Amino acid sequence: MKDQKKMIVVGISGASGPILGVRLIEELLNSGEKVAAIVSQPACQIIEYEIFRGETHFSSLKELLIKRGLARNHDLLSEFKNNDFFAPVASGSTKFQAMVVIPCSMKTLSAIVHGYADSLITRTCDVALKEKRRCIIVPRETPLSVVHTGNIHRAALAGIEIVPPVLGFYTRPESLDDVVNFVVGKVLNLLDRDHNLFESWGKKEI
Ligand SMILES: Cc1cc2nc3c(=O)[nH]c(=O)nc-3n(C[C@H](O)[C@H](O)[C@H](O)COP(=O)(O)O)c2cc1C
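Counting in the working numbering, the sequence shown runs from 783 upward without gaps.
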């Protein structure tokens, strides 16, 4: 595996909005970052439903990225199955920089905060936490029950950074792409990566 320290692991779990994870991966690849991607089985089905609108079968992220035609540097992407515990990122000895779960389903959130590492996504979060590395989640559900808010609270206590995919109106979005880019840009801000996904507030005046 290439230059582990700089690698970002992106988990796409089975919540609505897998496009958020796809856009994040496109941005990271375009800026020359190494990405290890894990897509859960429910997420594969939601990609088929929401992104392919039931017209195409999801076979791999790489194929999806080629179809969309927005990402360069496909060779920087490694892809692992969510039940592949032999993947390098399942071990703390692989020095990836950060783990991002985007979107993060309530089931995956629950597993992460309880250390229930029964998938590669939850195991890699477990690794990130024990190795004191960045762990960012984009929890997606609405409305939230007390179970969900309790687990989000537990995540915050564990040092997980939480980016709920909420709408930002101050950027004056004109399309769904703008809304998606806003959330992805917020994740990139936390990762301290430059991007042009939305203009920061007051930039014109500075
Ligand atoms: C179309 C669709 C949308 C879903 N959206 C959400 C969601 O936004 N949030 C959520 O927590 N679960 C959602 N689910 C349910 C999860 O997919 C389900 O709980 C699954 O077990 C999650 O597994 P995973 O976290 O391992 O991917 C959705 C399911 C479907 C079919």
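Where a beta carbon is used, it is the ideal one built from N, C-alpha and C, also for glycine.
Predicted model, so just to flag it, every value in this text is computed and none were measured.
I'd like the list of long-range same chain contacts for I884, defined as Cβ closer than 6 angstroms, with 5 residues on each side in sequence excluded. Taking the sequence shown and counting its residues from 1, one reaches residue 884 at position 102. So the list reads L802, G803, L806, V920, once near-sequence residues are dropped.
Do S795 and ligand 1 come close, with the Cβ less than 6 angstroms from some heavy atom? As a first step, residue 795 is located in the sequence shown; it is residue number 13 there, counting from the start. Yes - ligand 1 has a heavy atom lying nearer than 6 angstroms to the Cβ of S795.
Within the chosen definition, does the region 865 to 879 reach the region 892 to 904 through at least 3 CB pairs nearer than 8 angstroms? yes
Would G808 pass as a contact of A853 if the rule is Cβ separation under 7 angstroms? The count along the sequence shown starts at 1 and reaches residue 808 at position 26. The count along the sequence shown starts at 1 and reaches residue 853 at position 71. For the sequence presented, residue 808 should be read as Glu rather than Gly. Note that the C-beta distance between E808 and A853 is below 7 angstroms.
Per DSSP, P824 is paired with what? To locate residue 824, count along the sequence shown from 1; it is residue 42. P824 pairs with nothing; no bridge assigned.
Closest by C-alpha distance to S822, when choosing among P947, N963, R905, H935: Here residue 822 is taken as the residue at index 40 of the sequence shown, counted from 1. Selected option, being the one with the closest Cα: R905.
Are the Cβ atoms of A818 and I794 separated by less than 7 angstroms? Taking the sequence shown and counting its residues from 1, one reaches residue 818 at position 36. Taking the sequence shown and counting its residues from 1, one reaches residue 794 at position 12. No.
Does the contact criterion of 3 or more C-beta pairs under 8 angstroms hold for the region 958 to 968 versus the region 921 to 939? no
Excluding five sequence neighbours on each side, which residues of the same chain lie with their C-beta closer than 6 angstroms to the C-beta of I829? Here residue 829 refers to the residue found at position 47 of the sequence shown. Contacts found: P800, F840.
Where do the N-terminal and C-terminal ends of the beta strand (DSSP E) with A938 fall, by residue? To locate residue 938, count along the sequence shown from 1; it is residue 156. It is not in any beta strand (DSSP E) - A938 instead sits in the alpha helix (DSSP H) that spans 928 to 939.
For a test of the three-state rule: what should DSSP assign to M881, helix, strand or coil? Locating residue 881 in the sequence shown gives position 99, where the first residue counts as 1. Of the three classes helix, strand and coil, the one that applies to M881 here is strand, per DSSP.
Is it buried or exposed, S887, if we count other Cβ atoms within 10 angstroms and call 16 or more buried? What you label residue 887 is simply residue 105 of the sequence shown in a count that begins at 1. Under this definition S887 is a buried residue.
In the structure shown, what three-state DSSP assignment does L949 receive? One-based indexing of the sequence shown puts residue 949 at position 167. Note: L949 maps to coil in three-state DSSP.
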